[in-house]
Amino acid sequence: MKKIGTVLVLLLCVLFFWLWMQEKSKGKDRKESKVTMESNVAVNERKITELPATEAPVTKALSDGTDAAKLLLLVNPWHKLPQNYTVDLTDLNGGHQIATLCYPALQQMMDDARAAGLHPLICSSFRTWQKQERLYENKVAALMQKGYGREMAETAAAAEVAVPGTSEHQLGLALDIVDESNQNLDESQESTKVQKWLMENSWKYGFILRYPNEKRQITGIIYEPWHYRYVGKEAAAEIYANGWCLEEYLEHKAR
Ligand SMILES: [Zn+2]
3 MKKIGTVLVL LLCVLFFWLW MQEKSKGKDR KESKVTMESN VAVNERKITE
53 LPATEAPVTK ALSDGTDAAK LLLLVNPWHK LPQNYTVDLT DLNGGHQIAT
103 LCYPALQQMM DDARAAGLHP LICSSFRTWQ KQERLYENKV AALMQKGYGR
153 EMAETAAAAE VAVPGTSEHQ LGLALDIVDE SNQNLDESQE STKVQKWLME
203 NSWKYGFILR YPNEKRQITG IIYEPWHYRY VGKEAAAEIY ANGWCLEEYL
253 EHKAR
């Protein structure tokens, strides 16, 4: 009888040990799949940010010198502005500045939006190289505080805050516009009255919603339902009608 008891206890021990091992390996699987997911995200983002930034198209457009060429200047993670790029600026209320080239169109758009009973608010406009650098470094620092390593933090930061030299705000042709009732720079912005109106009408004034949700892979930037870029009326109308982003429009033109 005592023998049977000992065998039973032993069997139970083996059973518990087996169950414990099963749980342990499940936990390990879970951990591993999380790591794989995270590193996939990193790989996708790296594809975007590690491509070499070339100054060639920018330099070409600048040497052209016409306003039309300046309006279509492509600045993105792969096309970097030279550090000595200068813009002719006009002051706006609230300490903002914008390229003189798009000031009349912006004024008209804001006036018409207000006349339609809306309350648009400009929260970001022209940025100097130094300001862009500060914003980018702050984002990197915030991610590193969350536990990212420097390299990983730089990669992740670049999808949200452009690396200095690759931000359209440095052109003076881009604006972040929010609804006074919701000043959060997140996707909730797309359902505000101001954004709905801008998404439908901004092209008439020469502005485009620069970073649509479905174009992230082409623009290299997350969905930003608040960032508008001036490209001139003709290009804006064509971009809007075809559902393109600026990269697609320029590619089409180059054919
Ligand atoms: Zn912006």
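According to our numbering, the sequence shown is numbered sequentially starting from 3. Beta carbons: idealized from backbone N, C-alpha and C, even for Gly.
_Every unbroken alpha helix (DSSP H) within the stretch 98 to 122, with a cutoff of 4 residues, ordered by chain_ = 105 to 117
*Check the C-beta distance from leucine 200 over to tyrosine 242 and give it rounded, since I have them as a contact under 8 Å.*
Not confirmed; about 12 Å, so no contact.
*Check whether the Cβ of glycine 160 lies closer than 7 Å to any heavy atom of ligand 1, and answer yes or no.*
For clarity, residue 160 is alanine in the given sequence; the question names glycine instead. Alanine 160: no, Cβ never under 7 Å from ligand 1.
*asked:* Could you tell me the alpha carbon to alpha carbon distance between lysine 255 and leucine 74, rounded to whole angstroms?
replied: 11 Å
*Can you check whether the CB of leucine 137 is closer than 8 Å to the CB of valine 165?*
no
*Looking at aspartate 178 and ligand 1, is the gap between the Cβ and the nearest heavy atom below 7 Å?*
yes
*Go to aspartate 69, then tell me how far its beta strand (DSSP E) extends in each direction, as first and last residue.*
First-last for aspartate 69: 69 to 73, but that is the alpha helix (DSSP H), not the beta strand (DSSP E).
*Any contact of the stretch 165 to 175 with the stretch 68 to 82, i.e. 3+ C-beta pairs under 8 Å?*
yes
*Using 7 Å as the cut-off, classify the Cβ of tyrosine 135 as near or not near the heavy atoms of ligand 1, replying yes or no.*
In the sequence on display, residue 135 carries glutamate and not tyrosine. Flag unset: Cβ of glutamate 135 not near ligand 1.
*Residue of Leu94, Glu253, Thr88 and Lys148 minimising C-alpha distance to serine 126*: Leu94
*Can you name the residues that DSSP bridges to arginine 231?*
Ala176 and Ile210
*Around the Cβ of arginine 212, are there at least 16 other Cβ atoms within 10 angstroms (buried) or fewer (exposed)?*
buried
*Under the rule that 16 or more other beta-carbon atoms within 10 Å means buried, what is glycine 167, buried or exposed?*
buried
*Would you tell me roughly how many angstroms separate the C-alpha atoms of proline 227 and glutamate 189, rounded to the nearest one?*
7 Å
*Let me know the secondary structure DSSP gives serine 183 once reduced to three states.*
coil
*Own chain partners of methionine 146 with C-beta closer than 7 Å, once the 5 adjacent residues on each side are dropped*: Arg152 and Ala155
*Cβ atoms of glutamate 249 and threonine 1: under 8 Å apart, would you say?*
The requested residue 1 is not part of the displayed model; the chain covers only 3 to 257.
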